[in-house]
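My numbering puts the last residue of the sequence shown at 903; the count rises by one with no breaks. All C-beta atoms, glycine included, are put in the ideal place defined by N, C-alpha and C. Bear in mind the structure is a predicted one, so any value in this text is a computation, not a measurement.
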Amino acid sequence: MRLLPTLTRIPLPCSLRGICFAVCGLLCVLSVNTVQAEVSSVEKSEKLFNTKVKQFISKYCLDCHTGQGSEAGLALEKFTTRTSILEKREEWEKIVQRIQIQSMPPKDAGELPTDQEREDVLAWFDDALYGVDCSGDINPGRVTIRRLNRNEYNNTIRDLVGVDFSPAENFPSDDVGYGFDNIGDVLSLPPLLMEKYLDAAEQISEKAIFANTPDSYPWNKISDKQFKKEGAVTVRKSGAGFHSRGTLKAPVNLKQDGEYEIRIIACSTPAGDEAAKMEVKLDGKPLKTFEVAADRNSPEKYMPPKAIKLPKGKHELEISFLNDFYDPDGPANKRDRNLYVNEVAVRGPMGKLPDNVPASHHQIITCTPENGRSERYCAERIFKPFMEKAFRRPVSRNEMKPIVELVNATVESGRTFEQGVQVGIQAVLVSPHFLFRIEGLQDSEDESYSIENVAQYELASRLSYFLWSTMPDERLFSLAGQGRLDDPRTLRMEIKRMLADPKSKAFVENFAGQWLNLRNLDELNPDPRKFRGFNSQLKADMRQETEEFFAYIMREDRSVVEFINADYTFMNENLAKFYGNDKVKGEKFQKVSLDKSRRAGLITQASILTLTSNPGRTSPVKRGKWIMENILGTPPPTPPPNVPELEEATEGKKNMSLREQLALHRKIPGCASCHDQMDPLGLGFENFDAVGRWRTKEGKHKIDASGKLPDGQTFESPVELIGILEQQKDGFCRSLTEKMLTYAIGRGTEYYDKCAIDAITANFTAKGYRFSELVTEIVLSDPFLKREKGSRK
111 MRLLPTLTRI PLPCSLRGIC FAVCGLLCVL SVNTVQAEVS SVEKSEKLFN TKVKQFISKY
171 CLDCHTGQGS EAGLALEKFT TRTSILEKRE EWEKIVQRIQ IQSMPPKDAG ELPTDQERED
231 VLAWFDDALY GVDCSGDINP GRVTIRRLNR NEYNNTIRDL VGVDFSPAEN FPSDDVGYGF
291 DNIGDVLSLP PLLMEKYLDA AEQISEKAIF ANTPDSYPWN KISDKQFKKE GAVTVRKSGA
351 GFHSRGTLKA PVNLKQDGEY EIRIIACSTP AGDEAAKMEV KLDGKPLKTF EVAADRNSPE
411 KYMPPKAIKL PKGKHELEIS FLNDFYDPDG PANKRDRNLY VNEVAVRGPM GKLPDNVPAS
471 HHQIITCTPE NGRSERYCAE RIFKPFMEKA FRRPVSRNEM KPIVELVNAT VESGRTFEQG
531 VQVGIQAVLV SPHFLFRIEG LQDSEDESYS IENVAQYELA SRLSYFLWST MPDERLFSLA
591 GQGRLDDPRT LRMEIKRMLA DPKSKAFVEN FAGQWLNLRN LDELNPDPRK FRGFNSQLKA
651 DMRQETEEFF AYIMREDRSV VEFINADYTF MNENLAKFYG NDKVKGEKFQ KVSLDKSRRA
711 GLITQASILT LTSNPGRTSP VKRGKWIMEN ILGTPPPTPP PNVPELEEAT EGKKNMSLRE
771 QLALHRKIPG CASCHDQMDP LGLGFENFDA VGRWRTKEGK HKIDASGKLP DGQTFESPVE
831 LIGILEQQKD GFCRSLTEKM LTYAIGRGTE YYDKCAIDAI TANFTAKGYR FSELVTEIVL
891 SDPFLKREKG SRK
């Protein structure tokens, strides 16, 4: 995105004729209006390049950046025209960033550019690299085909199949681009993930559909406490032992008419010439007499040959030992013939759905091949709605045909219809049309460049994955089918509905979790010797505080400025005790007013303070960097190479306070330009230790949380600094707009998105900074509603 911001920022002090050069990505040199007035056409830009920029590069850059042995492998002599620079836009963005913070050319390079030379060159680059005419047609960009990430996959399976488990937990981690894991360009499909998809599809289909095979029915074991005995029978937890002739009676209570199977696991001790004989009766009628030859170390299963038709109600199963035998003169191990029954179980009714069939089975299996209906007919009835939900758009008969054929072939191979549906579901769940969000399927073969509206069903998916991280619901599908979804009034109503829906919890977890870096908390483990009260539960509560806070602003449609200055937060008893508040009771999180002299907004929440600290101490640098990135929207550039860490730079001076150590660190060449901006911001929150608790001392050093910002503003406490940051709310809102737009469209913002970002920011801030207005303006923007088609000539 644009490196030269149009909104007010906190500038760095600078001696160059009073002009404040913004360090770490900030440069307040000229307003956009001034730049546009000076550079009004490509021709004039070419002229300025030849007269000033080309001369600047030749004079200050080529000594180090020419030929194969150029510094950092960066050869600049080939850039002789404006066009050649624009062809390497990303490369020059990094170069310009270095010019901005005055690390190029380096201060030890000899002759350095004058103030005016820097001004002119940076103004030219600002216009050439980032200038866009917002009065005409604006490029809305195009999104790479996007694979569902792990969260989206789990949520989509939940809503599509009705099986609430997380099959993607074992998938490889998703790559992150531009701060988010839903960026199309980085969501690749490695072979290992494809294998995981196949395994997951099998698991999902088996959990969702009852296969209706004999093995699908569970055996219901009859408890030994229900047994009744006659004769020489001993009943224990391990089963029943027949030491002479006797009978074991077991009640069988059936809830449905149908065919049932009986299984008896039995064994015997041998004696004489016969095996032990076990007679089985049901309701007084003989079923079968078995010869039980299995010994006690290897009991076997004994079952009647066929399923038995039985009415529902109470029945009685009888098991009798018929041929007791004892030979006192026989061998020691063949002297006494006894029968042992280890287990009695019944299953069924076979061919009928049991009571515990998952609800997903009934939702999917809406047709069964009976009463003249064929497998093919029912497969079509089942898979048309299923595939339309899975593919998130209408499907044709030709698309359905392979799935229907697969179901039919499975049945013809001897498996049940339900097993055929399972196989069909597996095929759908590994289809690219399910795993990827594909737009523009209906495009003609005409590859001429144009800008067009996103199709209705594609827009439904953009909305649902933006706010819910899952597939569209019936309402969105219906509106898309009616062609009404792109109506601004309809979109406004749907956004309010979707933000109020419980599914919007996914937006809190996935957008806020990545924007605020909350996911990194899982990987942090503060030093247990220094922070003894810190544990995994407290860490989870810290994260939930911030999520509850974000969700409250979202659902109550509060001003987004409250992310900076809110005088409330959310706590449960455990977290409140950590903060020193003994008034909150119970595990449930509740809204709590803050001590206005100490805490306000996101920055003073324990989650943020912990993830911007080191394991053993605070890190003003990390905290300052986090504020620059997430509050001011002005991330610092990557540190120069070979700069020592703070501990290395201050070795032998450990008795210094952290403030003193940082001051020493800033004296290192290449460090001051960034640390002059970051350090005061981070040091302003030194009253909070590395896990976010309030403190007034660090060891023997008294905490000094005062500071002076590069623009001369001073503060004495964290809350005073927050008040200064609040003054930068327009910069914060623009930064939040850019991040949320990136998350919404699944790609990084480009220079041509400046017009949309400007409009979104201006429109929602004019409406009271309301959260819903920010979301609405993003949805109504060209990058969300339109797409680029074909190739530019």
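- For His353, the uninterrupted beta strand (DSSP E) segment begins and ends at Gly349 to Leu364.
- The Cβ atoms of Gly349 and Val456 lie no closer than 8 Å to each other.
- Burial is judged here by how many other beta carbons sit within 10 angstroms of a residue's own beta carbon; Cys244 has fewer than 16 and is exposed.
- Residues of the same chain with a CB within less than 7 Å of the CB of Val345, apart from the 5 flanking positions on each side, are Asp334, Phe337 and Lys339 in chain order.
- Contact between Glu389 and Leu432 holds, with the beta-carbon distance rounding to 5 Å and staying under 8 Å.
- In this structure Glu883 is buried. Its beta-carbon is surrounded by 16 or more other beta-carbon atoms within 10 angstroms.
- Rounded to whole angstroms, Ser506 and Tyr487 show a C-alpha spacing of 15 Å.
- Three or more beta-carbon pairs separated by less than 8 Å link the segment 836 to 856 to the segment 865 to 883, which places the two stretches in contact.
- The beta carbons of Val206 and Phe166 sit no closer together than 8 Å.
- In the same chain as Asp269, and ignoring 5 residues on each side of it, the C-beta atoms closer than 6 Å to its own belong to Thr580 and Met581, in chain order.
- Collapsing the DSSP output to three states places Met214 in coil.
- The residue from Thr600, Glu312 and Gly822 with its alpha-carbon nearest to that of Ala537 is Glu312.
- Sequence-distant Cβ neighbours of Ala417 in its own chain, meaning closer than 8 Å and more than five residues away, are Glu369, Tyr370, Glu371, Gly458 and Met460.
- Across the set Lys188, Ser155, Gln647 and Glu156, the C-alpha of Lys188 shows the shortest separation from the C-alpha of Cys171.
- Minimum Cα-Cα distance from Asn322 among the listed residues His472, Gln700, Arg257 and Asp583 corresponds to His472.
- Annotation: the segment 322 to 348 contains the following complete segments of the beta strand (DSSP E) (minimum length 3 residues), in chain order: 338 to 346.
- Contact check for Gly817 and Leu793: beta-carbon distance about 6 Å, within the 8 Å limit, so the pair qualifies.
- In the same chain as Cys843, and ignoring 5 residues on each side of it, the C-beta atoms closer than 6 Å to its own belong to Thr871 and Thr875, in chain order.
- In this structure, Ala800 keeps its C-beta atom at 8 Å or more from the C-beta atom of Gly856.
- Boundaries of the beta strand (DSSP E) around Asp446: Asp446 to Met460.
- In the assembly as shown, Phe660 is a buried residue. Its beta-carbon has 16 or more other beta-carbons within 10 Å.
- Between the C-alpha atoms of Asp284 and Leu302 there is a straight-line separation of about 13 Å.
- In the structure shown, Val152 adopts helical secondary structure according to DSSP, grouped into three states.
- In this structure the segment 479 to 494 does not lie against the segment 402 to 410, because fewer than three pairs of beta carbons, one per stretch, are closer than 8 Å.
- Bridge partners of Cys377 according to DSSP: Tyr450.
- Counting C-beta pairs closer than 8 Å gives fewer than three between the segment 705 to 712 and the segment 609 to 616, which falls short of the contact rule.
- Nearest neighbour of Tyr559 by Cα position, chosen from Thr886, Asn684 and Asn249, turns out to be Asn249.
- Under the three-state reduction of DSSP, Thr728 is assigned to strand.
- As summarised for the segment 664 to 694, the continuous beta strand (DSSP E) elements at least 3 residues long and confined to that stretch are 678 to 681, given in chain order.
- DSSP places Val273 outside any beta strand (DSSP E), giving it a letter other than H or E.
- If you draw a straight line from the Cα of Phe587 to the Cα of Gly690, it comes to about 49 Å.
- Leu545 and Arg572 have their alpha carbons spaced roughly 15 Å apart.
- Apart from the 5 residues on each side of it in sequence, Asn264 sits with its Cβ closer than 6 Å to the Cβ of Ser276 and Ala278 in its chain, given in chain order.
- Burial is judged here by how many other beta carbons sit within 10 angstroms of a residue's own beta carbon; Pro223 has at least 16 and is buried.
- Gly423 is bridged by DSSP to Leu364.
- DSSP, read as helix, strand or coil, puts Tyr412 in strand.
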